[in-house]
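Engineer:
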Amino acid sequence: MSASSSTSSTDSKGTFLYFAFGSNLNSKRIHVNNPSAKRKGVGLLKNYRLDFNRYSERWKGSVATVVPDQDEEVWGALWEIDVKDMDNLDRQEGVERNIYRVFHPTIHVELNETAFHNETEPSFNNETSSANETSSHNETVSSFNNETPPSVKTVTARCYELIAIDPPGSDKRPSVTYLDVVIKGALESQLPEKYVHKLRRIENNGQTSEYLIDRKVFL
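Counting from 103, one number per residue, gives the positions in the sequence shown under the working numbering.
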């Protein structure tokens with residue numbers, strides 16, 4: 103097997119790969135709507151930057167998105183989620199309300215040691231498009247059975263980009279609460295230290311979400 107290989111975002115086990123860069127870095131957050139989510143490793147999305155472009159009343163500040171930028175990159179977590187939870191994830195991201203759109207970028211992944219190494223695990227099959235998909239993804243990968251998985255590989259993963267953005271001049275800073283959840287998720291995901299430091303330097307709007315804090319949601 104070559105040092106670099108590729109896999110589609112849906113496999114024969116009825117699961118799909120999801121790249122998280124915002125609040126869903128946090129395991130408590132993602133499991134609220136996607137209880138089947140299993141962490142697979144650290145991922146890198148190249149030629150995009152992290153941004154905050156839409157105010158959320160629940161979060162009391164702007165929420166994260168990724169924006170094409172040839173000079174930037176975004177680190178995140180790669181999750182494997184049951185297909186039955188795909189609609190839950192789409193609803194969380196407001197896909198039907200045209201808040202976020204689904205896209206399938208190439209993610210460079212630092213895999214957990216056993217992430218794709220299981221004696222009973224079959225090869226990933228070509229992805230079959232669903233009603234929620236905007237395009238098909240036919241990349242495949244050979245089974246890792248009886249082989250040592252590479253430390254870095256390329257995968258195609260489900261991801262979400264904000265399309266309902268606030269107008270120019272809006273306060274697009276995230277809240278204290280939102281940033282806290284993102285940073286805790288970044289630490290939990292073991293994202294690179296320099297990237298976590300970059301997240302810590304993001305300016306917040308000074309607001310907190312009492313709704314989430316009172317219920318100790320995600321915190």
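Don't be surprised by glycine CBs; every beta carbon is placed ideally from N, CA and C. For clarity, every value in this text was computed on a predicted model and none was experimentally measured.
#1: Between which residues of its own chain and K186 is the CB-CB distance below 8 Å, once the five residues before and five after are set aside?
#2: To the nearest whole angstrom, what separates the beta carbons of E290 and N128, a pair I think is in contact under 8 Å?
#3: So, for G178: in the same chain, excluding its five sequence neighbours on each side, which residues have a beta-carbon less than 6 Å away from its beta-carbon?
#4: Pull up the distance between the alpha-carbon of V211 and that of Y157, whole angstroms please.
#5: Skipping 5 residues on each side, what residues in its chain have a beta carbon closer than 8 Å to that of P207?
#6: Rounded to whole angstroms, what's the CA-CA distance from W181 to L281? Just pull it up for me.
#7: Since E263 is in the beta strand (DSSP E), which residue starts that stretch and which ends it?
#8: Give the C-beta separation of Y383 and E159 to the nearest angstrom, bearing in mind that I take them to be a contact with Cβ-Cβ under 8 Å.
#9: V168 to R193, Cα distance in whole Å?
#10: Could I get the ranges of all uninterrupted alpha helix (DSSP H) runs contained in the region 111–141, with 4 residues as the minimum, in chain order?
#11: Output the boundary residues of the alpha helix (DSSP H) element that contains E295.
#12: Measure the C-alpha to C-alpha separation of G308 and G287 and round it to an integer number of angstroms.
#13: Would you identify the three-state DSSP class for S291, choosing helix, strand or coil?
#14: Hey, how far is the Cα of V323 from the Cα of N126?
#15: So, with DSSP's three-state summary, where would you put V185?
#16: Using the rule of at least 16 other Cβ atoms within 10 Å of the residue's Cβ for burial, across every protein chain shown, is E195 buried or exposed?
Structural biologist: Quick look at the numbers:
#1: So the qualifying residues of the chain are G116, S138.
#2: That belief holds up - the Cβ atoms of E290 and N128 are roughly 7 Å apart, short of 8 Å.
#3: Closer than 6 Å at Cβ, skipping near neighbours: F121, A122, F123, G145.
#4: Taken atom to atom, the span from the alpha-carbon of V211 to that of Y157 is near 30 Å.
#5: Listed in chain order, the non-local C-beta contacts of P207 below 8 Å within the same chain comprise F121, L147, Y150, T258, A259, C261, local neighbours out to five positions each way being set aside.
#6: Within the model, the alpha-carbon separation for W181 versus L281 is close to 20 Å.
#7: Where E263 is concerned, the enclosing beta strand (DSSP E) stretches over 261–264.
#8: Limits of the chain in this structure are 103 at one end and 321 at the other, which puts residue 383 out of reach.
#9: Roughly 18 Å separates the two Cα atoms.
#10: As for any alpha helix (DSSP H) of minimum length 4 sitting wholly inside the region 111–141, the runs are 129–135, ordered along the chain.
#11: For E295, the enclosing alpha helix (DSSP H) starts and ends at 295–302.
#12: Looking at the backbone, the Cα of G308 and that of G287 are separated by about 20 Å.
#13: Three-state DSSP puts S291 in a helix.
#14: Absent from the model: residue 323. The displayed extent of the chain is 103 to 321, so no value can be given.
#15: In this structure, DSSP gives V185 a helical state, which the three-state scheme calls helix.
#16: E195 should be labelled buried.
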